[in-house]
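Participant: Next up is a structure, given as structure tokens.
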Amino acid sequence: MQPTGIDSLALVIAAAALFSTAEAHGQMLKPVYRPISDQYLADSGALINIGSGQLQIAPIEGLSQNKQADFPVAETFNLMNGCRGTVYEEGNTVTTLALGADFDVEWTIQAPHPGYMNLSIVKPKADSVGKITYEIYETILTIEPFAEHGGEDSATATMPTDIVGCEEAGDCALQFYWHSDIAGQTYPTCADIIVSGSGAGTATTTTTAPVAASEAGSDETVVESDEGSEETGAEASTTTAPTTATASPTATPMVNIGDSDSKCSRRRVRRD
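My numbering numbers the first residue of the sequence shown as 6 and each following residue consecutively.
What follows is the structure in structure tokens.
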């Protein structure tokens, strides 16, 4: 059954009301984050009625409330997969990072809520129907308190030398995970990465999906390289990554890093 004009108008009004409240908004900008693709919009049910910009920066708790029977969610779609429902797709930009090398992480906070940010390497796992969830493999940076002020900011992280299984596009992603206990809101962003020298992972499922032309801009997977530090001598290069899309089993992306009453007491940066 197709939605009527009245139903669609009501849905748009409800979505506008949902995101006009005093919610924080923010996302990782660098490394290059995953786009909201055509396949994402086709699979995400009523979220198709929300602009791609809001889908990138709005709290996932708010997005999860946007449901309508006339817009069913695909069986394989998982908004709470740790990457706000995005998965690796052919055409995604992939950033190459080197073991032991420093790299920059940049983000923007449009409406601040103090909390913490974990930067982690995550790996995809799929259940029996192919629904993908990202499982934390290693957390490499924690900033707390985080998002006390709006605007753009950045930090330097170091890729651990013990990362294994991130040699091919789709094996791993970099998860930027901002959570505020005060607001009860979570803002994950994921970037596709290759960690050179880490060895290939083991794919359990393969998925292929078209990428929105407005955001991805190419049918090929584009691989970018972050420059390594002088100590590591890592070189920047641009290549074409393998177009193997990996999926895979289930996990909880939330990381508990301490008592909530200590989150706003001081700023500290940890590199595990």
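We put the beta carbon where it would ideally sit given N, CA and C, even for glycine. All of these numbers come straight from a predicted model, not from anything done at the bench.
Short of 6 Å in beta carbon distance, which residues of its chain neighbour residue 141, apart from the five on each side in sequence? Order them along the chain.
Facilitator: Cβ neighbours of residue 141 beyond the five flanking positions: 125 and 127.
Participant: Mapping the DSSP letters down to three states, classify residue 123 as helix, strand or coil.
Facilitator: Three-state result, residue 123: strand.
Participant: Between which two residues does the alpha helix (DSSP H) holding residue 65 run?
Facilitator: Its alpha helix (DSSP H) spans residues 65 to 68.
Participant: Does DSSP classify residue 90 as helix, strand or coil?
Facilitator: Of the three classes helix, strand and coil, the one that applies to residue 90 here is coil, per DSSP.
Participant: Measuring only the C-alpha atoms, how far is residue 78 from residue 90?
Facilitator: The straight-line gap from Cα to Cα measures roughly 11 Å.
Participant: Does the region 174 to 192 come within contact of the region 133 to 153, defined as at least 3 CB pairs closer than 8 Å?
Facilitator: These segments touch.
Participant: Once DSSP output is grouped into helix, strand and coil, what is the label at residue 139?
Facilitator: Strand, per DSSP.
Participant: Helix or strand or just coil, what does DSSP make of residue 104?
Facilitator: Note: residue 104 maps to coil in three-state DSSP.
Participant: Beta-carbon separation of residue 137 and residue 31 under 8 Å?
Facilitator: No, these two residues do not count as a Cβ contact at 8 Å.
Participant: When we look at the beta-carbon of residue 134 and count the other beta-carbons within 10 Å, is it buried (16 or more) or exposed?
Facilitator: Residue 134 comes out exposed.
Participant: Residue 39 and residue 171 - do their beta-carbons sit closer together than 8 Å?
Facilitator: Result no, Cβ atoms of residue 171 and residue 39 do not sit closer than 8 Å.
Participant: For residue 160, collect the residues of the same chain with a Cβ closer than 6 Å to its Cβ; drop the 5 residues on either side in sequence, then sort them by chain order.
Facilitator: Cβ neighbours of residue 160 beyond the five flanking positions: 110.
Participant: Around the C-beta of residue 42, are 16 or more other C-beta atoms found within 10 angstroms, so that it is buried, or is it exposed?
Facilitator: When all chains shown are included, residue 42 counts as buried.
Participant: Grab the span of the alpha helix (DSSP H) containing residue 162 for me, first residue to last.
Facilitator: Here residue 162 belongs to no alpha helix (DSSP H); instead the beta strand (DSSP E) covers 156 to 163.
Participant: Pick out whichever of 189, 87 and 96 has its Cα sitting closest to the Cα of residue 61.
Facilitator: It is 87 whose Cα lies nearest to the Cα of residue 61.
Participant: Using CA atoms only, rank isn't needed, just tell me which of 116, 203, 199 and 185 is closest to residue 100.
Facilitator: When each option's Cα is compared against that of residue 100, the closest is 199.
Participant: By the three-class DSSP mapping on this structure, what secondary structure does residue 55 have?
Facilitator: Here residue 55 sits in coil by DSSP.
Participant: With a threshold of 16 other CB atoms inside 10 Å of the CB of residue 185, please say whether the residue is buried or exposed.
Facilitator: Per the 10 Å Cβ criterion, buried.
Participant: Can you tell me the Cα-Cα spacing of residue 201 and residue 156, whole angstroms?
Facilitator: When rounded, the distance between both Cα atoms is 32 Å.
Participant: Whose CA, out of 70, 83, 69 and 34, lies closest to the CA of residue 48?
Facilitator: Out of 70, 83, 69 and 34, 83 has the C-alpha closest to the C-alpha of residue 48.
Participant: Quick one: what does DSSP say residue 47 is sitting in, helix, strand or coil?
Facilitator: Residue 47 falls in the helix class under three-state DSSP.
Participant: Since residue 35 is in the beta strand (DSSP E), which residue starts that stretch and which ends it?
Facilitator: Segment 30 to 35, the beta strand (DSSP E) holding residue 35.
Participant: Nearest chain C C-beta to residue 181 closer than 8 Å, yes or no?
Facilitator: In the displayed structure, chain C is absent; only one protein chain is listed.
Participant: Contact check, residue 64 vs residue 191 under 8 Å by CB: the rounded distance?
Facilitator: Confirmed, Cβ separation roughly 6 Å.
Participant: Residue 193: which of 105, 122 and 71 sits nearest, CA to CA?
Facilitator: Among 105, 122 and 71, the Cα nearest to that of residue 193 belongs to 122.
Participant: Cα-Cα, which of 149, 76 and 116 is closest to residue 53?
Facilitator: Answer by Cα proximity: 76.
Participant: Residue range of the beta strand (DSSP E) that residue 167 falls in?
Facilitator: Counting along the chain, residue 167 falls outside any beta strand (DSSP E), and DSSP gives it neither H nor E.
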